[in-house]
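Worksheet for the structure shown next.
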Amino acid sequence: MTQLPQFNRALLHPRYWFIWLGIILLYLLVLLPYPLLYFIGCGLGRVSMRLLKSRVSIARRNLELCFPQMPTAEREAMLTRNFESLGMGLIETGMAWFWPDWRIKKWFKVSGLEHISQAATDGKGVLLIGIHFLTLELGARIFGIYNPGIGVYRPNDNPLIDWLQTWGRMRSNKSMLDRRDLKGMIRALKRGEIIWYAPDHDYGPRSSVFVPLFAVEQAATTKGSYLLIRSGNPAVIPFVPRRLPSGKGYEMVILPEQTAIPLDNEHATAARMNQIIENCVLMAPDQYMWLHRRFKTRPDGQPSLY
Numbered sequence: 001m002t003q004l005p006q007f008n009r010a011l012l013h014p015r016y017w018f019i020w021l022g023i024i025l026l027y028l029l030v031l032l033p034y035p036l037l038y039f040i041g042c043g044l045g046r047v048s049m050r051l052l053k054s055r056v057s058i059a060r061r062n063l064e065l066c067f068p069q070m071p072t073a074e075r076e077a078m079l080t081r082n083f084e085s086l087g088m089g090l091i092e093t094g095m096a097w098f099w100p101d102w103r104i105k106k107w108f109k110v111s112g113l114e115h116i117s118q119a120a121t122d123g124k125g126v127l128l129i130g131i132h133f134l135t136l137e138l139g140a141r142i143f144g145i146y147n148p149g150i151g152v153y154r155p156n157d158n159p160l161i162d163w164l165q166t167w168g169r170m171r172s173n174k175s176m177l178d179r180r181d182l183k184g185m186i187r188a189l190k191r192g193e194i195i196w197y198a199p200d201h202d203y204g205p206r207s208s209v210f211v212p213l214f215a216v217e218q219a220a221t222t223k224g225s226y227l228l229i230r231s232g233n234p235a236v237i238p239f240v241p242r243r244l245p246s247g248k249g250y251e252m253v254i255l256p257e258q259t260a261i262p263l264d265n266e267h268a269t270a271a272r273m274n275q276i277i278e279n280c281v282l283m284a285p286d287q288y289m290w291l292h293r294r295f296k297t298r299p300d301g302q303p304s305l306y
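The sequence shown: position 213 = 213 (UniProt numbering), numbered continuously.
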């Protein structure tokens, strides 16, 4: 069972004061009107391109690998928008953690809630496929406002950040599970719970199979989807929280249940899940977390792609 972090006096130790200062500044920042936050966030993102050179290189390489037919100028424009989205991602984390429900709902359009209701009517748990968009924190918050569920996460190595992110995510959700706690996820799905699950990162060779993702023929993809779907028999429902242009707010699109998921073996399931991920990413490609080394793990004997 996942033991969630609890607040304790040790988190007030001077070693954490700099982080506390950042938290306070973020809290004060997100008190500003949203149009101003949009301007600040995009500006921070453009500045970050000058400071995070290695991440710019990783994001550029990921775009090259996934969209080799896209003209270079178009990819570069997407890269710039992606880092604007990175700056907004910081602002949106503060919004997700500190804004009240009414303010979150004011800036969101929501569609597809009937797909979650239908799963409940059918007596199924929901494996909610949450892609690693830079709107991730805000997307989890708005979804939980309407349908509280259980988040799957990687505990942070810093105790204060670990407690804070758990506290923020629990504002509109029931609980959290360590991403390694597959048994806990399966039990929750069998109880009819909603499990927020992100299968789109590279989790290393021991827990992955190699299947296509966009133009990359052998992308390390988690085996966990096969185990969860086969054992928990959930409704597999993707959702996309995307930022609207020009500071107009957001929309959360909950897609219909995905029914054509093969369970013959881990490879077949992972390949189908990657197709679902591709469809979701293409709904807001400039807002995806391209700065992550998604294709770091390679099959034995294959050269690095970075």
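Positions of the beta carbon are idealized from the N, C-alpha and C atoms, including for glycine. All of these numbers come straight from a predicted model, not from anything done at the bench.
| task | Quick one: residues in its chain with C-beta nearer than 7 Å to the C-beta of Leu-37, no 5 flanking neighbours on either side, listed in chain order? | result | Closer than 7 Å at the Cβ level, and outside the excluded window around Leu-37, lie Val-30, Ile-91.
| query | So Thr-221 and Met-273 are in contact, right, with Cβ under 8 Å, and what is the actual spacing, rounded? | reply | The pair is a contact, with the Cβ atoms about 7 Å apart (cut-off 8 Å).
| task | Given a cut-off of 8 Å, decide if Ala-119 and Ala-235 are closer than it, judged by their beta-carbon atoms. | result | The criterion of a C-beta distance shorter than 8 Å is satisfied by Ala-235 and Ala-119.
| Option in Pro-100, Thr-72, Trp-102, Arg-60 with minimal Cα separation from Asn-82 | The residue among Pro-100, Thr-72, Trp-102, Arg-60 with its C-alpha nearest the C-alpha of Asn-82 is Arg-60.
| query | Going by C-alpha distance, which of Leu-177, Asn-156, Ala-96 is nearest Arg-141? | reply | Cα-wise, what sits closest to Arg-141 is Ala-96.
| Using 8 Å as the threshold, is the stretch 242-255 in touch with the stretch 109-118, meaning 3 or more CB pairs across them? | A contact between stretches requires three or more CB pairs, one per stretch, nearer than 8 Å, and the stretch 242-255 meets this requirement with the stretch 109-118.
| message | What residue range does the beta strand (DSSP E) around Trp-290 cover? | response | Membership of Trp-290 in any beta strand (DSSP E) is not indicated, and neither H nor E is assigned to it by DSSP.
| In chain order, what residues of the same chain have a beta carbon less than 6 Å from the beta carbon of Ile-58, not counting five sequence neighbours either side? | The residues are Leu-291, Arg-293.
| request: Starting from Arg-242, follow its DSSP beta bridges and name the residues at the other end. | output: Answer is Glu-251.
| message | For Phe-39 and Asp-200, what's the separation of their Cα atoms in angstroms? | response | If you take the alpha carbons of Phe-39 and Asp-200, they lie about 29 Å apart.
| query | Can you tell me the Cα-Cα spacing of Ser-21 and Gln-287, whole angstroms? | reply | First, the residue type needs correcting, since residue 21 is Leu and not Ser in the sequence shown. One C-alpha to the other measures close to 28 Å.
| message | Could you check whether Met-49 and residue 350 sit closer than 8 Å to each other, using their CB atoms as the reference points? | response | Because the chain here runs from 1 to 306, residue 350 falls outside it and cannot be looked at.
| said: Does Thr-297 pass the burial test, meaning 16 or more other C-beta atoms within 10 Å, or should it be called exposed? | reply: Using a 10 angstroms sphere on the CB of Thr-297, the tally of other CB atoms reaches 16 or more, which defines it as buried.
| said: Can you look up Thr-259 in the DSSP assignment and give me helix, strand or coil? | reply: Residue state, collapsed to three classes: coil.
| request: Pick out the complete beta strand (DSSP E) segments inside the stretch 75-148, 3 residues or longer, and give them in chain order. | output: Within the stretch 75-148, the complete beta strand (DSSP E) runs of at least 3 residues are 108-111, 126-130.
| Nearest CA to the CA of Val-47: which residue from Thr-80, Pro-68, Ile-23? | Just measuring C-alpha positions, the residue of Thr-80, Pro-68, Ile-23 sitting nearest Val-47 is Thr-80.
| query | What is the DSSP secondary structure of residue 309, counted as helix, strand or coil? | reply | No answer is possible for residue 309: it lies beyond the span of the chain, which begins at 1 and ends at 306.
| request: Pick helix, strand or coil for Gln-165, following the three-state DSSP scheme. | output: Gln-165 falls in the helix class under three-state DSSP.
| task | Could you name the residues of the same chain whose beta carbon sits closer than 8 Å to that of Leu-182, not counting the 5 residues immediately before and after it, in chain order? | result | Apart from the 5 residues on each side of it in sequence, Leu-182 sits with its Cβ closer than 8 Å to the Cβ of Gly-224, Leu-227, Leu-228 in its chain, given in chain order.
| The alpha helix (DSSP H) spanning Pro-155 covers which residue range? | Segment: none, Pro-155 is in no alpha helix (DSSP H) and carries neither H nor E.
| request: Flag this pair as yes or no: are the beta carbons of Leu-127 and Gly-192 separated by less than 8 Å? | output: Inclusion of Leu-127 and Gly-192 in the CB contact set at 8 Å is not warranted, their separation being larger than that value.
| Burial state of Asp-122, where buried means 16 or more other Cβ atoms lie within 10 Å | Exposed, because fewer than 16 other Cβ atoms sit within 10 Å of the Cβ of Asp-122.
| task | Measure the alpha-carbon distance for Lys-53 versus Asp-264 and round it to whole angstroms. | result | Taking the straight line joining both Cα atoms gives about 43 Å.
| request: Look up Ser-208 in the DSSP assignment and give the residues it is bridged to. | output: Ser-208 is bridged to Thr-222.
| My guess is that Trp-163 and Leu-25 are in contact by the Cβ rule of under 8 Å, so how many angstroms apart are they, rounded? | Not quite, the Cβ-Cβ distance comes to about 18 Å (not below 8 Å), so this is no contact.
| message | Suppose the cutoff is 7 Å on Cβ atoms and the five residues either side in sequence are ignored; what does the same chain contact list for Pro-35 look like? | response | Residues Gly-247 of the same chain have their beta carbon placed closer than 7 Å to that of Pro-35, with the five preceding and five following residues left out of the count.
| said: Helix, strand or coil for Ser-175? Go by DSSP, reduced to three states. | reply: Three-state DSSP puts Ser-175 in a strand.
| field | Cβ separation of Leu-189 and Gly-125, assumed to be a contact under 8 Å, to the nearest whole Å | value | About 4 Å separates the beta carbons of Leu-189 and Gly-125, which is inside the 8 Å limit, making them a contact pair.
| field | Beta-carbon spacing of Gly-45, Leu-86 below 8 Å | value | Taking 8 Å as the cut-off, the beta carbon of Gly-45 is found closer than this to the beta carbon of Leu-86.
| query | Taking 7 Å as the cut-off, is the CB of Leu-31 close to at least one heavy atom of the ligand FMN? | reply | What this structure holds is no ligand at all, so the ligand FMN is not there to describe.
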